[in-house]
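In what follows, a single structure is set out as structure tokens and then discussed.
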Amino acid sequence: MQYLIPIASGKGGVGKTLLAANLGIALARQQKTVILIDLDLGGSNLHTVLGIRNRFPGVGHFIYRKADTLEQLVVTTAQERLYFIPGDSLFSGTANLPYWRKLALLKQIDELTADFVILDLGSGTTFNTLDFFLTSQSGLVVTTPDTTAILNAYSFLKSSMLRLLQRSFPGRSDERQAVVDFVQQKVEGENLTLRHIVETLHGINPESGQAAERILDGFRPRVIMNAGRTAQDIRLGSRLRQVVRNNLEHDVEFIAYLPHDELASRSPLERSPTLLQYPQSPYSLGVMQCATRLIHEPVPGRLKLFPDDEDLKELQEDFATGRNRPQPTTRGSSPVSRAAVPLPNPEQSV
Ligand SMILES: Nc1ncnc2c1ncn2[C@@H]1O[C@H](COP(=O)(O)OP(=O)(O)OP(=O)(O)O)[C@@H](O)[C@H]1O
Ligand SMILES: [Mg+2]
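Okay, so the sequence shown: first residue is 72 according to this note's numbering, each after it adds one.
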């Protein structure tokens, strides 16, 4: 059984990548096999934090069909049992991942053999990021104790819950439209909380309302408070909990407090992960504890989501650009022989 740990944040630069690298090492040191995937498309830098040169093909090679499987892209690291799939500058982070490739990518992630698969995501609420985050019911959200980071963490959680609700109902259904209207602020009224949309869904169909409650109930994000300097900073976590309770009627669980640590900020510059370079530093000890917790309280697998019309949009685009029209055949060559042309070897394009 493989556990997926997506790592996200509302605000950028709060320590996701540093955590992904060190959490991977911490889990591997506790005898788990781990694959780290850099899914910060367009902003990949996990290799730097791991101290690996950027010379291997990455996720973009799979997205652009230069590699058949993700497994082909796995590289070893300095830590035994820890493997890595690099990100890629081939794919821009702002571009929407083609729907079918996103599905294929998620399927490939599912098929990887490891105890834990950690996804280092970009910050913010693009659909790509939200969908990667929703690969687990209990993804990790990193925040720092400052007000902006806490408010952005709240916004991230709200966007995730709305995306989850939206994708839990089939396209073209009244339920999905109600969620979309809510997201687009087409619903009258100020300070609408998530309760409002659940009640609307109840109104459409009591079963849909109950389904929405069940789905939201199963959403159990876990928060990591990173780079705090004082005990007071830990308590700032309660502000996030409060705003989530007030507006989303939901609870978040804090699973780690990682202190601000000069050694943690120094190690990426030294091109060696903190846990390997300074295993006794406060940051490393905090991450080891967090890994132990994750091992003892693993979380259920993937959420099942309906397509978000991306499939239809993509088919439309294919139609407009002629991508789906049959290509002219060369006399004598059969479609079978064309399909048999081998894919380029990713090694050659390194
Ligand atoms: N606990 C900590 N103590 C000291 N420095 C830290 C700590 N956590 C992260 N940092 C430093 O903060 C900077 C940002 O960290 P990191 O790149 O991991 O953030 P990120 O959330 O992945 O950023 P992005 O949103 O750009 O992907 C790095 O220089 C990192 O070394
Ligand atoms: Mg990062």
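We treat Cβ as the ideally placed atom computed from N, Cα and C, and that holds for glycine.
ask   = Which of the three DSSP states, helix, strand or coil, is assigned to residue 188?
value = Within the sequence shown, residue 188 is the residue found at index 117, counting from 1. DSSP places residue 188 in strand when its eight states are reduced to three.
query = Which residue's Cα is closest to the Cα of residue 182: 303, 135, 114, 72?
reply = Residue 182 sits at position 111 when you count from the first residue of the sequence shown. For the residues 303, 135, 114, 72, the minimum Cα distance to residue 182 belongs to 72.
request  = For residue 334, I'd like the list of residues in its chain whose CB is within less than 7 angstroms of its CB, leaving aside the five on either flank, ordered along the chain.
outcome  = For the purposes of this step, residue 334 is taken as residue 263 along the sequence shown, with counting starting at 1. Hits under 7 angstroms: 345, 349, 352, 354.
request  = Note down, in chain order, each residue of its chain lying with its Cβ closer than 6 angstroms to the Cβ of residue 168, except the 5 sequence neighbours on either side.
outcome  = Taking the first residue of the sequence shown as position 1, residue 168 is located at position 97. 199, listed in sequence order.
ask   = Taking the continuous alpha helix (DSSP H) assigned at residue 325, which residues delimit it?
value = For the purposes of this step, residue 325 is identified with residue 254 of the sequence shown, where counting begins at 1. That residue, residue 325, is in no alpha helix (DSSP H); its beta strand (DSSP E) goes 324-330.
ask   = Since residue 196 contacts residue 227 with CB under 8 angstroms, what's their CB separation in whole angstroms?
value = The residue you call residue 196 lines up with position 125 of the sequence shown. The residue you call residue 227 lines up with position 156 of the sequence shown. Correct: roughly 6 angstroms between the Cβ atoms.
query = Among 302, 251, 340, 315, which residue has its Cα nearest to the Cα of residue 331?
reply = Here residue 331 refers to the residue found at position 260 of the sequence shown. Looking at the Cα atoms, 302 is the closest of the given residues.
inquiry  = Across the stretch 105-114 and the stretch 236-251, are there enough close Cβ pairs to call them in contact, namely three or more that are closer than 8 angstroms?
reply    = no
message = Below 7 angstroms, is the gap between the Cβ of residue 103 and the nearest heavy atom of ligand 2?
response = Here residue 103 corresponds to residue number 32 of the sequence shown, with the count starting at 1. For ligand 2, not one heavy atom lies less than 7 angstroms from the Cβ of residue 103.
message = Please report the distance separating the alpha-carbon of residue 324 from that of residue 186.
response = Along the sequence shown, read from residue 1 onward, the residue named residue 324 stands at position 253. Along the sequence shown, read from residue 1 onward, the residue named residue 186 stands at position 115. Cα-Cα distance, rounded: 23 angstroms.
inquiry  = Can you find the residues in the same chain that come closer than 7 angstroms, C-beta to C-beta, to residue 234, ignoring five residues on each side of it along the sequence?
reply    = If you number the sequence shown from 1, residue 234 lands on position 163. So the qualifying residues of the chain are 201, 205.
message = If you measure between the beta carbons of residue 117 and residue 191, is that distance less than 8 angstroms?
response = Indexing the sequence shown from 1 puts residue 117 at position 46. Indexing the sequence shown from 1 puts residue 191 at position 120. Contact flag set, yes.
task = Please report how far the alpha carbon of residue 87 lies from the alpha carbon of residue 311, in whole angstroms.
result = Within the sequence shown, the letter at position 16 stands for residue 87. Within the sequence shown, the letter at position 240 stands for residue 311. Each residue's alpha carbon lies about 18 angstroms from the other.
Cβ pair count under 8 angstroms reaching 3, the stretch 210-218 against the stretch 122-137 = no
request  = Would you check if the stretch 265-278 and the stretch 292-300 touch, i.e. whether three or more CB-CB distances between them fall below 8 angstroms?
outcome  = no
message = In whole angstroms, give me the CA-to-CA distance for residue 175 and residue 326.
response = Locating residue 175 in the sequence shown gives position 104, counting from the first residue. Locating residue 326 in the sequence shown gives position 255, counting from the first residue. Near 31 angstroms, if we compare the C-alpha coordinates of residue 326 and residue 175.
query = Closest to residue 264 by CA distance: which of 286, 241, 81, 316 is it?
reply = By 1-based counting over the sequence shown, the position of residue 264 is 193. Taking only the C-alpha atoms, the option nearest residue 264 is 316.
message = With H, G and I counted as helix, E and B as strand and the rest as coil, what does DSSP make of residue 294?
response = By 1-based counting over the sequence shown, the position of residue 294 is 223. Here residue 294 sits in strand by DSSP.
query = Quick one: Cα of residue 329 to Cα of residue 306, how far?
reply = Taking the first residue of the sequence shown as position 1, residue 329 is located at position 258. Taking the first residue of the sequence shown as position 1, residue 306 is located at position 235. Their Cα atoms are separated by approximately 13 angstroms.
request  = Mark residue 214 as exposed unless 16 or more other C-beta atoms lie within 10 angstroms of its C-beta, in which case mark it buried.
outcome  = By 1-based counting over the sequence shown, the position of residue 214 is 143. So residue 214 counts as buried.
request  = Just mark residue 132 as buried or exposed, buried being the case when its beta carbon has 16 or more other beta carbons within 10 Å.
outcome  = Start at 1 with the first residue of the sequence shown, and residue 132 comes out as number 61. By the 10 Å Cβ count, residue 132 comes out buried.
Expected contact under 8 angstroms - CB spacing of residue 85 and residue 154 to nearest Å = Mapped onto the sequence shown, residue 85 falls at position 14. Mapped onto the sequence shown, residue 154 falls at position 83. With 8 angstroms as the limit, residue 85 and residue 154 do not qualify as a contact, their Cβ atoms being about 25 angstroms apart.
query = In three-state terms, what does DSSP make of residue 80?
reply = For the purposes of this step, residue 80 is taken as residue 9 along the sequence shown, with counting starting at 1. Coil, per DSSP.
Where the beta strand (DSSP E) through residue 109 begins and ends = Within the sequence shown, residue 109 is the residue found at index 38, counting from 1. Unbroken beta strand (DSSP E) run through residue 109: 105-110.
message = Helix, strand or coil, according to DSSP, for residue 155 in the structure here?
response = Indexing the sequence shown from 1 puts residue 155 at position 84. In this structure, DSSP gives residue 155 an extended state, which the three-state scheme calls strand.
query = Helix, strand or coil: how does DSSP classify residue 211 here?
reply = Reading the sequence shown from its first residue, position 140 is the one you call residue 211. Three-state result, residue 211: strand.
message = Here's the rule: buried if 16 or more other CB atoms are within 10 angstroms of the residue's CB, otherwise exposed. What is residue 400?
response = Numbered from 1 along the sequence shown, position 329 holds the residue referred to as residue 400. With a pLDDT of 44 at residue 400, under the threshold of 50, the predicted position of this residue should be treated as unreliable, though the coordinate-derived value follows. Residue 400 is exposed by the Cβ-count criterion.
ask   = Can we count residue 111 as close to ligand 1, meaning its CB is less than 7 angstroms from some heavy atom?
value = Stepping through the sequence shown from its first residue, residue 111 is reached at position 40. In this structure, the C-beta of residue 111 approaches ligand 1 to less than 7 angstroms from one of its heavy atoms.
message = Starting from residue 353, trace the alpha helix (DSSP H) in both directions and tell me its first and last residue.
response = Within the sequence shown, the letter at position 282 stands for residue 353. Run containing residue 353: 353-367, per the alpha helix (DSSP H) assignment.
ask   = Would you report the Cα separation of residue 254 and residue 98, rounded to the nearest angstrom?
value = Translated into the one-based positions of the sequence shown, residue 254 becomes position 183. Translated into the one-based positions of the sequence shown, residue 98 becomes position 27. Each residue's alpha carbon lies about 38 angstroms from the other.
message = Run through the DSSP bridge pairs and tell me what residue 299 is partnered with.
response = Counted from its first residue, the sequence shown places residue 299 at position 228. Note: residue 299 sits in a beta bridge opposite 330.
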